[in-house]
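*Asks:* Sharing a structure below in structure tokens format, with a few things to ask.
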Amino acid sequence: MNPRLLAGVGAVVVALVIGAAFVLADDGDPAPAVQSDAAPTASTADTSPTTTPVAVATPDLPNRGPHPELVDIDGWLQSDVTSLEELRGKVVAVQFWTFACRNCRATIPHMQELYERYGDQGFEIVGIHAPEFGYEAEVPNIEEAAAELGVTWPIVLDTNKRTFHSWQEGPTAHWPRIYLLDRDGNIRYDHIGEGRYAETDAAVQALLAEPS
Amino acid sequence: MLPAFFEAIRASVQPCTLLLLTPALVLAIVTRGRWTSFAAICVGAVLGGWLFIANVVALDGWQLPVSGAVVLTAIALVLGAPSVPRLHWATAASIEAAVAGLVTFVATLWWRPCIGEELGSILTGARAGVGAELPGITAYMLGAMAPVLAVVLLVRAIDPSPVAARWAGWCAGGIGLVVAAAVAVGRHDELVTALTRWTTS
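Protein chains in written order, with my numbering: chain B, 35 to 246; chain E, 262 to 462.
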């Protein structure tokens with residue numbers, strides 16, 4: 035076959051593969067875990083993520099020691115508490131995020147589900163907002179984004195990203211990253227990036243089930 | 262590994278990866294879609310990916326301006342190579358390939374990855390041990406190079422005349438030089454911000 039024609043066909047195929055990667059992309063595993071012995075209810079016919087039962091094994095939850103301090107923060111939004119110590123006795127999800135990060139935004143609906151499901155069972159979320167770009171550091175922009183995205187949990191302002199870097203080992207830190215703290219403030223679970231929502235849900239359940 | 266490959270393909274056309282790809286795309290055009298250069302670009306990207314998940318290099322600080330200067334110099338070198346008298350074509354091709362690999366490797370410092378589910382799992386796993394995640398990040402980086410492969414094939418399909426190829430090379434090289442110069446003078450974040458806001462506006 036003519037090499038030029040072959041290359042042209044190849045270019046079209048690669049372009050189609052790139053397009054297919056978008057078309058065929060699923061949304062990860064949006065279905066949260068439920069207790070494996072939970073009885074299905076009528077609402078399980080609903081395909082929404084909040085009601086689809088998926089049994090997921092509880093991940094290992096090794097005790098990685100007490101969480102680091104919040105370093106050089108600029109305050110809290112949407113909160114009466116002013117330190118993580120005030121949340122002792124609760125299972126806390128600490129999520130590093132910034133509002134323009136598309137992967138962070140993709141996690142928000144799943145965080146909302148956790149908050150709605152376990153918020154009255156001793157579970158709290160703290161979103162540590164560590165801006166990547168200048169416009170993300172402006173508090174009005176953060177407040178506007180939080181309202182738009184439905185972030186109703188406490189937000190810590192980490193404008194200089196000192197906490198962002200002090201919590202994450204090595205020179206590179208990432209958004210989004212979630213840590214689960216047990217009722218004593220120890221780090222028990224850690225995940226970088228989107229996804230693993232069912233696993234995170236199972237970890238929250240397991241930590242809530244631990245005696246305080 | 263396949264999900265990582267496809268996640269990277271999706272990320273490759275987003276601002277987070279576009280800056281990493283810019284020098285590779287430029288070099289694919291400047292080197293007229295030469296396969297040796299494309300192979301070197303892939304090797305450079307994979308090695309950069311390994312370095313990234315090893316978490317030993319900071320994503321900012323002095324490394325960024327230095328990397329910008331290195332890429333600037335390298336692209337200028339490749340653009341100038343054809344004017345070197347009596348340079349054997351095989352020697353020129355080897356230089357181009359070496360430079361393409363080096364530039365892509367260095368440009369991985371410019372990468373602000375979109376951390377989706379697959380890359381997130383790779384990074385989380387790498388905290389426990391990098392070795393087990395090398396196949397995953399290799400697949401990811403190869404997936405991220407899909408647009409470069411498309412450009413390589415396109416250039417080969419068009420097979421431009423020497424004059425047209427030279428002009429295309431100068432145009433692409435000019436873009437590469439401007440981007441590299443911007444990184445060299447500390448404007449990397451502004452570039453990423455501009456790309457991000459442009460694509461999300």
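Backbone N, C-alpha and C fix where the C-beta goes; we use that ideal spot for every residue, glycine too. Predicted model only: the values in this text are computed from it and were never measured.
For B:Asp224, which residues does DSSP report across the bridge?
*Replies:* The sequence position of residue 224 of chain B within the first sequence is 190, counting from 1. B:Tyr213.
*Asks:* Under 8 Å, do B:Lys124 and B:Ala164 count as touching if we go by C-beta distance?
*Replies:* Locating residue 124 of chain B in the first sequence gives position 90, counting from the first residue. Locating residue 164 of chain B in the first sequence gives position 130, counting from the first residue. In this structure, B:Ala164 does not lie closer than 8 Å to B:Lys124 by Cβ.
*Asks:* Would you identify the three-state DSSP class for B:Ile162, choosing helix, strand or coil?
*Replies:* Numbered from its first residue, the first sequence carries residue 162 of chain B at position 128. It is a strand residue.
*Asks:* Quick check: B:Phe130 and B:Trp209, are their CB atoms within less than 8 Å of each other?
*Replies:* Locating residue 130 of chain B in the first sequence gives position 96, counting from the first residue. Locating residue 209 of chain B in the first sequence gives position 175, counting from the first residue. Contact flag set, yes.
*Asks:* Closer than 7 Å to a non-hydrogen atom of the ligand SAH - does that hold for the CB of E:Glu394?
*Replies:* Inclusion of the ligand SAH in the displayed structure is not the case, the ligand content being empty and no account of it being possible.
*Asks:* Counting only Cβ pairs nearer than 7 Å, list the residues of chain E close to B:Ala45.
*Replies:* Residue 45 of chain B sits at position 11 when you count from the first residue of the first sequence. Chain E residues near B:Ala45: Ala411, Leu414, Leu415 and Ala418.
*Asks:* Tell me, please, which residues DSSP counts as bridged to B:Leu111.
*Replies:* Reading the first sequence from its first residue, position 77 is the one you call residue 111 of chain B. Looking at the DSSP assignment, B:Leu111 forms a beta bridge with B:Ile189.
*Asks:* I'd like to know whether the C-beta of B:Thr234 is nearer than 8 Å to at least one C-beta of chain E.
*Replies:* Counted from its first residue, the first sequence places residue 234 of chain B at position 200. Chain E, which has no Cβ nearer than 8 Å to the Cβ of B:Thr234, makes this no.
*Asks:* Give me whichever residues DSSP pairs with B:Phe130 in a beta bridge.
*Replies:* Residue 130 of chain B sits at position 96 when you count from the first residue of the first sequence. B:Phe130 pairs with B:Ile162 and B:Arg211.
*Asks:* In chain E, which residues lie less than 9 Å from B:Asp224 when you measure between Cβ atoms?
*Replies:* Within the first sequence, the letter at position 190 stands for residue 224 of chain B. Thr385 and Arg388, listed in chain order.
*Asks:* For E:Ala433, tell me which candidate among E:Thr292, E:Leu403, E:Phe266 and E:Ala269 has the shortest Cα-Cα distance.
*Replies:* Within the second sequence, numbered from 1, the residue matching residue 433 of chain E stands at position 172. Residue E:Thr292 is the option with its Cα nearest to E:Ala433.
*Asks:* Kindly give me the distance between the Cβ atoms of E:Val413 and E:Ala289, rounded to whole angstroms, as I take these residues to be in contact under 8 Å.
*Replies:* Taking the second sequence and counting its residues from 1, the one referred to as residue 413 of chain E is at position 152. Taking the second sequence and counting its residues from 1, the one referred to as residue 289 of chain E is at position 28. At roughly 5 Å, the Cβ-Cβ gap stays under 8 Å, so E:Val413 and E:Ala289 are in contact.
*Asks:* With a 10 Å radius around its C-beta and 16 neighbouring C-beta atoms as the bar for buried, classify B:Val48 as buried or exposed.
*Replies:* As a first step, residue 48 of chain B must be located in the first sequence, where it is residue number 14. Under this definition B:Val48 is a buried residue.
*Asks:* Could you pull out every residue in the same chain whose Cβ sits closer than 7 Å to the Cβ of E:Gly437, ignoring the five residues on either side in sequence?
*Replies:* Sequence index remark: in the second sequence, residue 437 of chain E carries index 176 (1-based). Thr283, Pro284, Val287 and Ile336.
*Asks:* Note down, in chain order, every chain B residue with its Cβ under 7 Å from the Cβ of E:Leu380.
*Replies:* Start at 1 with the first residue of the second sequence, and residue 380 of chain E comes out as number 119. Those within 7 Å of E:Leu380 in chain B are Gly227.
*Asks:* Taking only the alpha-carbon atoms, compute the straight-line gap between B:Tyr248 and B:His144 and give it to the nearest angstrom.
*Replies:* The shown model of chain B, from 35 to 246, leaves out residue 248 of chain B, and the question about it has no answer.
*Asks:* Check the DSSP bridge columns for B:Pro100 and list the partner residues they point to.
*Replies:* Translated into positions along the first sequence, residue 100 of chain B becomes position 66. B:Asn220.
*Asks:* Output needed in chain order: residues of the stretch 115 to 140 of chain B with a Cβ under 7 Å from some Cβ in chain E.
*Replies:* Within the stretch 115 to 140 of chain B, the qualifying residues are Ala134, Arg136 and Asn137.
*Asks:* What whole-angstrom Cβ distance do E:Val332 and E:Met402 have, given they're in contact under 8 Å?
*Replies:* Sequence index remark: in the second sequence, residue 332 of chain E carries index 71 (1-based). Sequence index remark: in the second sequence, residue 402 of chain E carries index 141 (1-based). With 8 Å as the limit, E:Val332 and E:Met402 do not qualify as a contact, their Cβ atoms being about 18 Å apart.
*Asks:* So, with DSSP's three-state summary, where would you put E:Val232?
*Replies:* Past the edges of chain E, shown from 262 to 462, lies residue 232 of chain E, and the structure says nothing about it.
*Asks:* What in chain B is Cβ-close to E:Arg271, meaning under 9 Å?
*Replies:* Here residue 271 of chain E is taken as the residue at index 10 of the second sequence, counted from 1. The answer, in chain order, is Ile52, Ala55, Phe56 and Ala59.
*Asks:* To the nearest angstrom, how far is it from the Cα of B:Val43 to the Cα of B:Pro174?
*Replies:* One-based indexing of the first sequence puts residue 43 of chain B at position 9. One-based indexing of the first sequence puts residue 174 of chain B at position 140. Roughly 50 Å between the two C-alpha positions.
*Asks:* Could you give the residue range of the alpha helix (DSSP H) that holds B:His199?
*Replies:* Residue numbering aside, residue 199 of chain B sits at position 165 when the first sequence is read from its first letter. Run containing B:His199: Arg196 to Trp201, per the alpha helix (DSSP H) assignment.
*Asks:* Would you report the Cα separation of B:Gln155 and E:Ala265, rounded to the nearest angstrom?
*Replies:* If you number the first sequence from 1, residue 155 of chain B lands on position 121. If you number the second sequence from 1, residue 265 of chain E lands on position 4. Going from the Cα of B:Gln155 to the Cα of E:Ala265 covers about 36 Å.
*Asks:* Cβ of E:Ala353 within 8 Å of Cβ of E:Ala361?
*Replies:* Start at 1 with the first residue of the second sequence, and residue 353 of chain E comes out as number 92. Start at 1 with the first residue of the second sequence, and residue 361 of chain E comes out as number 100. Taking 8 Å as the Cβ cut-off, E:Ala353 and E:Ala361 do not qualify as a contacting pair.
*Asks:* Could you check the C-alpha separation between B:Leu242 and B:Arg217 for me, to the nearest Å?
*Replies:* Here residue 242 of chain B is taken as the residue at index 208 of the first sequence, counted from 1. Here residue 217 of chain B is taken as the residue at index 183 of the first sequence, counted from 1. When rounded, the distance between both Cα atoms is 8 Å.
*Asks:* With burial defined as no fewer than 16 other Cβ atoms inside 10 Å of the residue's Cβ, what is the status of B:Thr116: buried or exposed?
*Replies:* For this step, residue 116 of chain B is matched to residue 82 along the first sequence. Classification of B:Thr116: exposed, given that the 10 Å Cβ count is below 16.
*Asks:* Could you list which residues in chain B have their beta carbon closer than 7 Å to that of E:Ile302, in chain order?
*Replies:* As a first step, residue 302 of chain E is located in the second sequence; it is residue number 41 there, counting from the start. Within 7 Å Cβ-Cβ: nothing; E:Ile302 doesn't reach chain B, min ~14 Å.
*Asks:* Would you identify the three-state DSSP class for B:Phe167, choosing helix, strand or coil?
*Replies:* If you number the first sequence from 1, residue 167 of chain B lands on position 133. DSSP places B:Phe167 in coil when its eight states are reduced to three.
*Asks:* Using beta-carbon positions only, say whether B:Tyr223 and B:Trp187 come within less than 8 Å of one another.
*Replies:* As a working note, residue 223 of chain B is residue 189 in the first sequence. As a working note, residue 187 of chain B is residue 153 in the first sequence. No, the pair does not count as a contact, with Cβ atoms beyond the cut-off.
*Asks:* Alpha carbon to alpha carbon, what distance is there between B:Pro93 and B:Val68?
*Replies:* Counting from 1 along the first sequence, the entry for residue 68 of chain B is found at position 34. Counting from 1 along the first sequence, the entry for residue 93 of chain B is found at position 59. Residue placement at B:Val68 cannot be trusted, given a pLDDT of 36 that sits under 50; the coordinates are not used to answer.
*Asks:* For B:Ala41, return the contacting residues in chain E, with the cut-off set at a CB-CB distance below 9 Å.
*Replies:* Working through the first sequence from its first residue, we reach residue 41 of chain B at position 7. Those are Gly294, Val413, Leu414, Leu415, Val416, Arg417, Ala418, Ile419 and Asp420, listed as they occur along chain E.
*Asks:* Could you pull the start and end residues of the alpha helix (DSSP H) that B:Ser246 belongs to?
*Replies:* Position 212 of the first sequence, counted from the start, is the residue given in the question as residue 246 of chain B. It is not in any alpha helix (DSSP H) - B:Ser246 carries neither H nor E in the DSSP assignment.
*Asks:* Figure out for me which residue from E:Leu281, E:Glu268 and E:Glu379 has the closest Cα to the Cα of E:Val409.
*Replies:* Locating residue 409 of chain E in the second sequence gives position 148, counting from the first residue. Selected option, being the one with the closest Cα: E:Leu281.
*Asks:* Express the C-alpha separation of E:Ser422 and B:Pro205 in angstroms, rounding to a whole number.
*Replies:* Counting from one through the first sequence, the residue named residue 205 of chain B turns up at place 171. Counting from one through the second sequence, the residue named residue 422 of chain E turns up at place 161. Rounded to whole angstroms, B:Pro205 to E:Ser422 spans 47 Å at the Cα level.
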